[in-house]
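Presented below is the structure to which this report refers.
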Amino acid sequence: MTAAESSAGFVHRPREHPPTSSTTRALRLTSTTAVLQALWHGEPVTGSDLIATTGLTRATVHDVCADLISTGWVEELADQRTHGSYSRGRPARRYGLRAQAGVVVGVEASSEPLPLARRR
């Protein structure tokens with residue numbers, strides 16, 4: 001048996017294309033987008049809700065939320081104990097979009113007429 005083979009007979013090969021920083025950035029962008037979409041409806045959600053909704057790991061959800069908090073897009077709200085729906089165990093972290101974070105504008109380019117409406 002060579003050094004590249006395990007006792008089970010599997011051959012271990014080095015990864016042909018190690019992850020690059022662009023791959024890492026793309027994954028973080030995908031994760032951030034998933035969390036923002038889950039928060040978009042405006043209702044506060046717990047970290048567990050975000051994990052269930054996005055399919056991301058607990059560590060990824062909390063890392064992305066920490067990044068979004070530091071950039072001012074998201075705020076950590078009062079926990080379930082303070083909010084009143086806590087019963088036992090560690091109170092869940094709750095997150096929500098910051099209303100003061102900015103404005104989102106969507107633009108659709110089309111040859112068809114588009115009715116415009118002003119939202120207040």
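According to full-length UniProt numbering, the sequence shown is numbered sequentially starting from 1. The C-beta atom is built at its ideal place from N, Cα and C for all residues, glycine as well.
Check, Outcome
"Euclidean distance between Cα positions of I51 and Q100", "25 Å"
"Proximity test, Cβ basis, 8 Å: D67 and chain D", "No chain D is present in this structure, which holds just one protein chain."
"Residue nearest to W40 in terms of C-alpha spacing, selected from V61, V74, A59 and R58", "V74"
"CA-to-CA distance, E108 to S48, given in whole angstroms", "35 Å"
"L29, buried or exposed, once every other Cβ within 10 Å from all chains shown has been counted against 16", "exposed"
"Residue interval of the alpha helix (DSSP H) (run including L77)", "Taken as a continuous stretch (DSSP letters only), L77 belongs to no alpha helix (DSSP H), being part of the beta strand (DSSP E) at V74 to L77."
"Opposing strand residues paired with V35 [DSSP bridges]", "According to DSSP, V35 bridges with nothing at all."
"Nearest-angstrom beta carbon gap, V35 and T23 [assumed within contact, 8 Å]", "About 19 Å separates the two Cβ atoms, so there is no contact after all."
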